[in-house]
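Data block below; observations after.
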Amino acid sequence: MHYNMFSKLSVSLALVGAMFLSVPTNAQDQDHHEDPHAVEAHETHGHATEEGHDVKAQIKETIEHHLSDSYDFTITEGVSFPLPVILFDEGLKVFSSSKFHHGESVAEVDGNHYVLHHSKVYKTDASGHLTMDEHHHPTNAMPLDFSITKNVFMILVMATFMFFLFKGAAKAYQTGQTPKKAGRFLEPLIIYVRDEIAIPNIGEKHYKKYMSYLLTVFFFIWFMNLAGMTPLGINVTGNITITFSLALITFLITQVSGNKHYWMHIFWMPGVPVILKPVMAIIELIGLFVKPFSLMIRLYANMLAGHVVLMSIIGLIFVFGSWLISPAFFGLTLVLSLLELLVAALQAYIFTMLTALYFGSAVEEHDHH
Amino acid sequence: MDKLIHDFSFGLFIWQLLVFVALIFLLKKYAWKPILDAVNAREESIEGALKAAEKAREEMKALQSDNEAILKEAREERERILKEARDMKNKIVAEAKEAASAEADKTVAAAKASIEAEKTAAVAELKKQAASLSIEVAEKVLGQELSDANKQAEMIGKIIDDVKFN
């Protein structure tokens, strides 16, 4: 299988990227030990004695910032717009994220104080003091946070985009039988999802009711992956929360559609000696949760790894800062970008295909038993 | 794992679920259903058209073979009719010939009979004339005989000259 090869390749490249970054990471970790309360300050105004260290730290910070969700939408260095923060803490609190000043100051809303730490909102006092535990995680209370973060914003934008794109494509069929405009490009993909993903895995009889989910998830992941390749710093599909919710939907639909044979297969495996049946039941029960878990991790890790590798290699241009080496890294970035373009489509395909496979196993009819 | 759990954001999770599920249902209503229905309808119509074309081709083929059979039959019919006509003609000609020869035979026979009869009559007439001539000669010979012997012979010659066989 080709995709396995590519995912392995991406992961190994990610490891290479991580190796380059391991030095500054360790150095920073040590700093954390010394002064856990000034993490924010240190990261933003890091004073390193060595200049190379400074560049590396800056690259690491940029990558981290790029990968994590945030309360404002950064288009490029210094150009960003704030997004609304929505908190449930003694009532609904809605305010602009500009109050945080990119995490540098304490936001005061209706007498409550909030502070940002690693892209999360913590309740604090007027001084912005955070109490850290031994893992350097703040122990301060976290208000229920429904903010329109960068990712939520992107999800809303993408959902709107997809809605109008596909609605527009569907409109062409009202007047004729052939697709028009974007539909010409989208129709073969829709037919591909139907004929190559849904029907072979689920079967002619049951596939229809899953088409809406399969198509939506395929295009959502693919478009989000592609959006992640823009320099806007979008990383939705490389976010564990997103992949978790997608995998959860797959999991729930699979269990809800499971027929008698499916549950029988899990709890009382046919064709296996009775002694083995409970053992098999335990294994199958674990498998039940491992399947969506693997979906979640695969998409998350692949997209995250792709981003890390690309940004690390771009970062290396600045680490070396040489006119001789930079073009080489530029070429490498270009080649890896092409690879990521492929991975973007591939991961959408794999997620959809495996989802269809799980649906198929849930509705399969075992006539041969 | 610790990082994964730490990265998990409940707010984002709820937003993603809400937006995504809403997107599924909206797209289902406004995009997937119309598109898939249209594609299905088109595929069915193409399949139907192909089947109809195939059927028409089959029919055409059947028609062609029918035509050929009819043509063959017609050709055979023509052959048969021609053969019959030829037979009829031969028969009629033969019959006519037969009739003609019979008639000719009859005519010849009649002619022969008539000739025979004429001949018989002529012979009889000849016999009769010869007899009467003989008698006449005899009469005249007998009448002159008495007067002159020379005259007798002259007379006989004269009489014989007078006799003309008709």
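Note that the protein sequences, when read in sequence, are chains W and G. Using my numbering, the first residue of the first sequence is number 3, and each one after it goes up by one. Using my numbering, the first residue of the second sequence is number 40, and each one after it goes up by one. C-beta atoms are modelled at their ideal positions from N, C-alpha and C, and glycine is treated no differently. As the structure is a prediction and not an experimental result, all values here were calculated from the model.
Residue i versus residue j: straight-line alpha-carbon distance, rounded
i	j	result
serine 149 of chain W	glutamate 106 of chain W	18 Å
glycine 130 of chain W	histidine 103 of chain W	13 Å
glutamate 148 of chain G	lysine 158 of chain G	Residue identity differs from the one stated: residue 148 of chain G is alanine in this sequence, not glutamate. Distance between the alpha carbons of alanine 148 of chain G and lysine 158 of chain G is about 15 Å.
leucine 51 of chain G	alanine 109 of chain W	21 Å
serine 314 of chain W	isoleucine 242 of chain W	21 Å
aspartate 127 of chain W	threonine 64 of chain W	29 Å
isoleucine 201 of chain W	methionine 271 of chain W	26 Å
valine 180 of chain G	glutamine 168 of chain G	17 Å
valine 292 of chain W	glycine 178 of chain W	45 Å
glutamate 107 of chain G	glutamate 83 of chain G	36 Å
glutamate 118 of chain G	alanine 133 of chain G	22 Å
histidine 45 of chain G	alanine 80 of chain G	49 Å
isoleucine 352 of chain W	tyrosine 264 of chain W	22 Å
methionine 194 of chain G	serine 173 of chain G	14 Å
alanine 150 of chain G	glutamate 115 of chain G	51 Å
lysine 94 of chain G	leucine 102 of chain G	12 Å
histidine 137 of chain W	leucine 348 of chain W	36 Å
threonine 78 of chain W	glycine 289 of chain W	43 Å
histidine 44 of chain W	leucine 278 of chain W	In this predicted model, histidine 44 of chain W has a pLDDT of only 40, less than 50, meaning its place in the structure is not dependable enough to derive any value.
valine 276 of chain W	glycine 362 of chain W	26 Å
phenylalanine 90 of chain W	alanine 184 of chain W	42 Å
glutamate 178 of chain G	lysine 197 of chain G	14 Å
Within 9 Å, strictly: CB atoms of residue i and residue j
i	j	result
threonine 2 of chain W	tyrosine 175 of chain W	No answer is possible for residue 2 of chain W: the residues shown for chain W start at 3 and end at 371.
phenylalanine 47 of chain G	phenylalanine 246 of chain W	yes
aspartate 74 of chain W	lysine 152 of chain W	yes
valine 117 of chain W	lysine 95 of chain W	no
valine 176 of chain G	isoleucine 199 of chain G	yes
lysine 169 of chain W	alanine 70 of chain G	yes
asparagine 203 of chain W	methionine 355 of chain W	yes
phenylalanine 59 of chain G	leucine 217 of chain W	no
glutamate 92 of chain W	lysine 207 of chain W	no
leucine 334 of chain W	proline 294 of chain W	no
histidine 67 of chain W	glycine 235 of chain W	yes
lysine 2 of chain W	methionine 144 of chain W	Outside the shown range of chain W (3 to 371) lies residue 2 of chain W, about which nothing can therefore be said.
alanine 330 of chain W	serine 259 of chain W	no
leucine 297 of chain W	threonine 357 of chain W	yes
Residue i, enclosing beta strand (DSSP E) - first and last residue
i	result
threonine 245 of chain W	That residue, threonine 245 of chain W, is in no beta strand (DSSP E); its alpha helix (DSSP H) goes 242-259.
lysine 372 of chain W	Outside the shown range of chain W (3 to 371) lies residue 372 of chain W, about which nothing can therefore be said.
phenylalanine 78 of chain W	Going by the sequence as given, residue 78 of chain W is threonine instead of phenylalanine. Note, threonine 78 of chain W: beta strand (DSSP E), 74-78.
asparagine 114 of chain W	114-119
lysine 95 of chain W	94-98
valine 159 of chain W	That residue, valine 159 of chain W, is in no beta strand (DSSP E); its alpha helix (DSSP H) goes 152-177.
alanine 109 of chain W	109-111
Span of the alpha helix (DSSP H), counted from its first residue to its last, around residue i
i	result
isoleucine 315 of chain W	278-322
valine 87 of chain W	That residue, valine 87 of chain W, is in no alpha helix (DSSP H); its beta strand (DSSP E) goes 86-90.
glutamate 342 of chain W	328-365
valine 238 of chain W	Per DSSP, valine 238 of chain W belongs to no alpha helix (DSSP H) and is neither H nor E.
arginine 186 of chain W	184-194
threonine 218 of chain W	213-230
When the options are compared against residue i, the one with the closest alpha-carbon
i	options	result
lysine 58 of chain W	W/Phe320, W/Lys293 and W/Thr354	W/Phe320
valine 78 of chain G	W/Phe225, W/Glu189, W/Met313 and W/Glu198	W/Glu189
lysine 211 of chain W	G/Ile199, G/Asp76 and G/Glu107	G/Asp76
alanine 350 of chain W	W/Lys173, W/Met226 and W/His138	W/Met226
leucine 71 of chain W	W/Asp147, W/Lys101, W/Phe222 and W/Gly80	Before going further, note that residue 71 of chain W is aspartate rather than leucine in the sequence given. The candidate whose alpha carbon is nearest that of aspartate 71 of chain W is W/Asp147.
valine 219 of chain W	W/Gly235, W/Ile157 and W/Ala171	W/Ile157
leucine 167 of chain W	W/Phe222, W/Ile352 and W/Ile236	W/Phe222
leucine 191 of chain W	W/Glu206, W/Thr177, W/Ala171 and W/Thr76	W/Ala171
valine 337 of chain W	W/Trp325, W/His119, W/Ile316 and W/Thr354	W/Ile316
methionine 164 of chain W	G/Ile63, G/Leu57 and G/His45	G/Ile63
arginine 196 of chain W	G/Leu165, G/Ala163 and G/Ile74	G/Ile74
tyrosine 215 of chain W	W/Pro233, W/Val345, W/Arg186 and W/Phe253	W/Phe253
proline 86 of chain W	W/Thr76, W/Ile77, W/Glu79 and W/Ser98	W/Ser98
valine 159 of chain W	G/Trp54, G/Phe49 and G/Lys42	G/Trp54
leucine 66 of chain G	W/Ala161, W/Met231, W/Phe322 and W/Leu132	W/Ala161
phenylalanine 155 of chain W	W/Ile193, W/Leu297 and W/Thr76	W/Thr76
leucine 312 of chain W	W/Val258, W/Trp325 and W/Gly230	W/Gly230
alanine 346 of chain W	W/Leu69, W/His309, W/Asn142 and W/Pro329	W/His309
valine 81 of chain W	W/Ser100, W/Ile88, W/Leu69 and W/Phe90	W/Ser100
leucine 57 of chain G	W/Pro275, W/Ser339, W/Leu343 and W/Ile244	W/Ile244
leucine 228 of chain W	W/Ile268, W/Leu341 and W/Gln60	W/Leu341
Residues that residue i contacts on chain C, provided the C-beta gap is smaller than 7 Å
i	result
arginine 81 of chain G	No chain C is part of this structure, whose protein chains are labelled W and G.
Would you check if the region 274-291 of chain W and the region 80-97 of chain G touch, i.e. whether three or more CB-CB distances between them fall below 8 Å? Output reads no: the region 274-291 of chain W does not touch the region 80-97 of chain G.
At least three beta-carbon pairs within less than 8 Å, the region 298-305 of chain W to the region 229-244 of chain W: Yes: the two stretches touch, three or more of their Cβ pairs being nearer than 8 Å.
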